[in-house]
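What follows is one structure encoded as structure tokens, with my remarks underneath.
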Amino acid sequence: MSSSLSRPQLGRIHHVAIICSDYAVSRRFYVELLGLTVIAENYRDQRDSWKLDLGLPDGGQVELFSFPKAPERPSYPEAQGLRHLAFEVASLDQWVDFLQGQGVTPEPVRVDEFTGKRFTFFADPDDLPLELYER
Numbered sequence: 006m007s008s009s010l011s012r013p014q015l016g017r018i019h020h021v022a023i024i025c026s027d028y029a030v031s032r033r034f035y036v037e038l039l040g041l042t043v044i045a046e047n048y049r050d051q052r053d054s055w056k057l058d059l060g061l062p063d064g065g066q067v068e069l070f071s072f073p074k075a076p077e078r079p080s081y082p083e084a085q086g087l088r089h090l091a092f093e094v095a096s097l098d099q100w101v102d103f104l105q106g107q108g109v110t111p112e113p114v115r116v117d118e119f120t121g122k123r124f125t126f127f128a129d130p131d132d133l134p135l136e137l138y139e140r
């Protein structure tokens, strides 16, 4: 694949889209538990679907969708495709304590063998793997 055109540069990731099984439960999880900011919330009659735009402090977004009868995501063993969504955090210990206090059980904290940074995983209401990665 060669071309005489020069490649333009990509910017940051604008958003990640998630399809949930129970809109109210997932909305509460991402807004109230994780603290994402609601940018817009729209019900789409023609699709019988909610679309919730959520903001992160750096301007990135998470789009939360509900679709009737969406198939479950195969997670274990890991399937091909998007593996997980990772959030950067200042203090992993504070987040682990907070999540445990909210009844969410993160995996044991691990250390990235290449960067030396600490991280952990936990699951959203639909078992989507979420990662917290310490700065």
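Numbering follows my numbering, with no gaps: position 65 of the sequence shown is 70. We put the beta carbon where it would ideally sit given N, CA and C, even for glycine.
Less than 8 Å separating the beta-carbons of residue i and residue j?
{"i": "L59", "j": "T42", "result": "yes"}
{"i": "R140", "j": "E77", "result": "no"}
{"i": "I23", "j": "L133", "result": "yes"}
{"i": "C25", "j": "S54", "result": "no"}
{"i": "V67", "j": "H20", "result": "yes"}
Which term fits residue i, buried or exposed, when burial requires 16 or more other beta carbons within 10 angstroms of its beta carbon?
{"i": "Y48", "result": "exposed"}
{"i": "P113", "result": "exposed"}
{"i": "P111", "result": "buried"}
{"i": "D63", "result": "exposed"}
{"i": "V116", "result": "exposed"}
{"i": "D102", "result": "exposed"}
{"i": "L87", "result": "exposed"}
Give me the Cβ distance between residue i and residue j, rounded to the nearest whole Å; I'm assuming they're in contact under 8 Å.
{"i": "L137", "j": "F124", "result": "6 Å"}
{"i": "R32", "j": "L69", "result": "7 Å"}
{"i": "R12", "j": "G65", "result": "23 Å between Cβ atoms; not a contact."}
{"i": "L38", "j": "Q107", "result": "6 Å"}
{"i": "H89", "j": "F126", "result": "7 Å"}
How would you write the range of the beta strand (DSSP E) that residue i sits in, first residue to last?
{"i": "S71", "result": "Q66 to S71"}
{"i": "A3", "result": "An answer regarding residue 3 cannot be provided, because it is not within the stretch 6 to 140 covered by the chain."}
{"i": "V43", "result": "T42 to R49"}
{"i": "R123", "result": "R123 to A128"}
{"i": "A91", "result": "L90 to V94"}
{"i": "Y138", "result": "P134 to E139"}
{"i": "S54", "result": "S54 to G60"}
Specify, as a first and last residue, the run of the alpha helix (DSSP H) that residue i falls within.
{"i": "V101", "result": "L97 to G106"}
{"i": "S31", "result": "Y28 to R33"}
Measuring CA to CA, which of the options is closest to residue i?
{"i": "D131", "options": "Y35, H19 and S96", "result": "Y35"}
{"i": "K122", "options": "L97, D129, V109 and A75", "result": "L97"}
{"i": "D50", "options": "W100, L135, P73 and R115", "result": "P73"}
{"i": "D27", "options": "L10, A84, I44 and A75", "result": "A75"}
{"i": "V109", "options": "L10, S9 and D129", "result": "D129"}
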